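Residue numbers (numbering that gives the first Met the number 0), protein chains in the order written: chain A, 0 to 103; chain B, 0 to 103.
Backbone N, C-alpha and C fix where the C-beta goes; we use that ideal spot for every residue, glycine too.
Please read these numbers as outputs of a predicted model, since none were measured by experiment.
Below you'll find the structure, written out as structure tokens, and then a few comments.
There are 2 protein chains.
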Amino acid sequence: MREGKRKKLEAKGWKIGGPRELLGLSGEEESYIELRLRLAEGLKARRKAHGVSQIELAQAMRSSQSRVAKMEAGDPTVSLDLIVKSLLTLGTSNRELAAIITRG
Amino acid sequence: MREGKRKKLEAKGWKIGGPRELLGLSGEEESYIELRLRLAEGLKARRKAHGVSQIELAQAMRSSQSRVAKMEAGDPTVSLDLIVKSLLTLGTSNRELAAIITRG
DNA sequence: CTAGTATATGTCAGATCTGACATAGTAGCA
DNA sequence: TGCTACTATGTCAGATCTGACATATACTAG
Chain A
0 MREGKRKKLE AKGWKIGGPR ELLGLSGEEE SYIELRLRLA EGLKARRKAH
50 GVSQIELAQA MRSSQSRVAK MEAGDPTVSL DLIVKSLLTL GTSNRELAAI
100 ITRG
Chain B
0 MREGKRKKLE AKGWKIGGPR ELLGLSGEEE SYIELRLRLA EGLKARRKAH
50 GVSQIELAQA MRSSQSRVAK MEAGDPTVSL DLIVKSLLTL GTSNRELAAI
100 ITRG
């Protein structure tokens, strides 16, 4: 992983495990985090496109404004489950979900 | 939601909330569960295609055989996070992930 | 400036998920 | 039959995530 990118992620609160790539083990951790960030971006973009505030989205899915903010900020304490549920609450289809994941 | 499908999901341990669809609120819950089941299926198929046992996959991702079994069974106590991490551990690309989600 | 609206960030008790373990079931083979 | 490998299911203490709340920041409009 690029050192710059690592710095950026650690600033968001991610703790990147040692260089397991040297053991031929992975890149899986990086893929996972990037996937999350992509979904987070997709969520923010979609919410704004719908003209919905964080509070409104939070109410629609019975969560809270702070949790929505954390989702969109890529906070590591938010689960993929919650992010995906948010996208689905906004009416995102499987096809659109796939597009968000693929986009890069 | 079809009554038959609901029965099937409840047998797996899912508790389906009341008919919120009447309030115009959703189908989001159903989408979420179906997405999970699709990923679960994709995981099982991919693992087998790789000729990997549940134990081997579990070791590769520092989980346990029982958890892998639950993932593949669509058990509701398993998070999306874990299922996605499993797929990534098997080397699934974003494009393949998207295909799994879209396939239906 | 003040008020209103939206978003960001930190905290925490309670809810949920996790790995580990035990155990049961299944399939193939000698 | 027994033996081995693989998978399924249940349980639980400890780890992680959650909604709620407080508070801070940023931007507009009056």
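Integer-rounded CB distance, given that residue j should sit under 8 Å from residue i
i, j, result
"L56(A)", "L79(B)", "So it is not a contact: roughly 19 Å between Cβ atoms."
"I100(A)", "L34(A)", "7 Å"
"L38(B)", "L86(B)", "7 Å"
"E27(B)", "G16(B)", "Not quite, the Cβ-Cβ distance comes to about 10 Å (not below 8 Å), so this is no contact."
"A97(B)", "A97(A)", "4 Å"
Environment of residue i [buried if 16+ CB atoms lie within 10 Å]
i, result
"G41(B)", "buried"
"G90(A)", "exposed"
"R1(A)", "exposed"
"G23(B)", "Bear in mind that the predicted position of G23(B) carries a pLDDT of just 41, short of 50, making it too unreliable to give a figure here."
"I82(A)", "buried"
"S30(A)", "buried"
"T76(A)", "exposed"
"L21(B)", "Below a pLDDT of 50, predicted positions are generally treated as unreliable, and L21(B), at 43, falls in that range; no measurement from the model is reported."
"G12(A)", "exposed"
Contacts that residue i makes with chain A (C-beta to C-beta distance below 8 Å)
i, result
"S65(B)", "In chain order: nothing, as chain A lies at least about 20 Å away."
"S30(B)", "L87, N93"
"I100(B)", "N93, L96, A97, I100"
"L79(B)", "S78, L79, D80, V83"
"E71(B)", "Going along chain A, no residue has its Cβ under 8 Å from E71(B), so there is no contact; the nearest lies around 18 Å."
Residue range of the alpha helix (DSSP H) that includes residue i
i, result
"M70(B)", "64 to 72"
"L42(B)", "27 to 48"
"K7(B)", "2 to 10"
"L79(B)", "79 to 88"
"T101(B)", "93 to 101"
"I54(B)", "53 to 59"
Proximal chain A residues relative to residue i, where beta-carbon distance stays under 9 Å
i, result
"L34(B)", "V83, L87, N93, L96"
Chain B contacts from the region 40 to 58 of chain A (Cβ-Cβ distance under 8 Å): none
Under 7 Å (Cβ pairs) to chain A, residues found in the region 81 to 96 of chain B: V83, K84, L87, T88, N93, R94, L96
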